[in-house]
Every structure is written in C-alpha cells, then in structure tokens.
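A.B. asks: Numbering (the working numbering), first residue to last: 97 to 261. Built from N, CA and C at the ideal position, the CB exists for glycine as well. Pasting in a structure now, in structure tokens, and then I'll have a few things to ask.
Pasting the structure below:
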C-alpha cells in the first residue's frame with residue numbers, strides 16, 4: 097500500500113526538516129501559508145497554499161486538489177494539533193482525538209483539567225464579553241488577558257484598573 101503523508105503547518109525555518117520527511121512516504125502533501133516552495137521542486141510533493149490552522153479550510157483545499165486518501169499526518173506547527181486530530185478522524189487514522197487536542201490547545205480546558213487533577217494552576221476566569229471583563233477587573237488590581245486558543249504571547253495584554261487602556 098502506498099504511503100501518503102500529509103504535513104499540515106510548516107512554520108518559518110522549519111522547512112529545513114522536510115527533505116528527510118519527504119523520503120518517508122511515497123506521496124507527500126504539504127499544507128502551509130508561509131512556505132518556500134523551492135524546497136519541493138524535483139520531489140514527489142503536492143504543495144497546497146492554505147491557512148493550516150483552519151480545519152474547514154484545509155479540508156476544502158484538500159478536496160479541491162483531489163486529495164481523498166491519507167495514511168498519516170504530521171505537523172511542524174505547534175498550533176495545529178486540533179486540525180491534525182480532525183483530519184485523522186476524517187481519514188480514519190490513529191492519533192489524538194479531537195477532544196484530547198482541544199484539551200491540549202484550549203487554555204480554559206487545559207487549566208480546568210489540571211486543576212481537577214490536583215495540579216496547582218494560576219487563578220483564571222473565562223471572559224466572554226467586555227462587560228464580564230470590566231466586572232472582573234473591578235475585583236482585581238491587575239490582570240493578564242490571553243486568547244483561549246493562541247500560544248506564546250500572541251494577543252496577550254496586561255490590564256490595570258488604574259490605566260486608561
């Protein structure tokens with residue numbers, strides 16, 4: 097049986113890892129939106145330019161390019177486990193379940209699970225509106241606001257009830 101590998105998400109500088117990965121499969125499909133396509137020239141690689149963190153967009157792009165089968169998935173992007181889990185489910189492949197990927201990626205789920213397991217975690221609250229945020233800010237002097245589904249310091253802000261921000 098031919099091995100068709102999907103590499104979903106290739107961050108800046110990570111393309112250096114791909115030549116060795118290309119040799120692992122009979123067919124390779126790479127999905128990314130910031131990828132140097134010169135690295136795939138002369139190889140059995142199908143490159144699809146698509147935002148790799150949007151499952152629906154990735155699935156649509158794969159279908160539009162005639163990709164209907166997959167034997168394994170792989171990511172070089174640390175924000176892609178949920179997309180990979182959904183693709184694995186779609187193609188009937190083993191791997192993390194969608195629920196497990198959400199528990200790893202989404203801060204509110206991850207912190208709740210850790211807290212219930214007895215792991216000390218920072219105090220947190222999920223804020224769903226500006227009004228909720230203002231009510232919470234009235235109870236603390238300073239707070240850190242983080243997007244639930246981003247990693248690193250992307251979208252992080254420090255708020256202070258005495259600031260004008």
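(1) Could you please give me the residues that DSSP links to residue 256 through a beta bridge?
(2) Could you check the C-alpha separation between residue 251 and residue 243 for me, to the nearest Å?
(3) Where does residue 187 fall in DSSP's three states?
(4) Report buried or exposed for residue 210, applying the criterion of at least 16 other Cβ atoms within 10 angstroms of its Cβ.
(5) Is it buried or exposed, residue 234, if we count other Cβ atoms within 10 angstroms and call 16 or more buried?
(6) Compute the Euclidean distance between the alpha carbons of residue 237 and residue 245, then round it to the nearest angstrom.
(7) Compute the Euclidean distance between the alpha carbons of residue 127 and residue 149, then round it to the nearest angstrom.
(8) Is it right to say residue 181 is buried, meaning 16 or more other beta carbons lie within 10 angstroms of its own, or is it exposed?
(9) Evaluate residue 100 with the Cβ neighbour count: other Cβ atoms within 10 Å of its Cβ, from every protein chain shown; 16 or more gives buried, anything less gives exposed.
(10) Taking all protein chains shown into account, do 16 or more other C-beta atoms lie within 10 angstroms of the C-beta of residue 151, making it buried, or fewer, making it exposed?
(11) Just the C-alpha distance for residue 179 and residue 153, rounded to the nearest angstrom, thanks.
C.D. replies: Let's see:
(1) The residue labelled residue 256 in the question sits at position 160 within the chain shown. Note: residue 256 sits in a beta bridge opposite 238.
(2) As a working mapping, residue 251 is identified with position 155 in the chain shown. As a working mapping, residue 243 is identified with position 147 in the chain shown. Going from the Cα of residue 251 to the Cα of residue 243 covers about 6 Å.
(3) If you number the chain shown from 1, residue 187 lands on position 91. Looking at residue 187 - three-state DSSP - the assignment turns out to be helix.
(4) Along the chain shown, one-based indexing puts residue 210 at 114. Label assigned to residue 210: exposed.
(5) On the chain shown, position 138 is the one that residue 234 refers to. Looking at its Cβ environment, which holds fewer than 16 other Cβ atoms inside 10 Å, residue 234 is exposed.
(6) As a working note, residue 237 is residue 141 in the chain shown. As a working note, residue 245 is residue 149 in the chain shown. Residue 237 and residue 245: Cα-Cα distance of roughly 25 Å.
(7) Counting from one through the chain shown, the residue named residue 127 turns up at place 31. Counting from one through the chain shown, the residue named residue 149 turns up at place 53. When rounded, the distance between both Cα atoms is 10 Å.
(8) As a working note, residue 181 is residue 85 in the chain shown. Per the 10 Å Cβ criterion, buried.
(9) Residue 100 sits at position 4 when you count from the first residue of the chain shown. Residue 100 is buried by the Cβ-count criterion.
(10) Within the chain shown, numbered from 1, the residue matching residue 151 stands at position 55. Buried, since its Cβ has 16 or more Cβ neighbours within 10 Å.
(11) In the chain shown, residue 179 corresponds to position 83, counting from 1. In the chain shown, residue 153 corresponds to position 57, counting from 1. Going by the C-alpha atoms only, they are around 10 Å apart.
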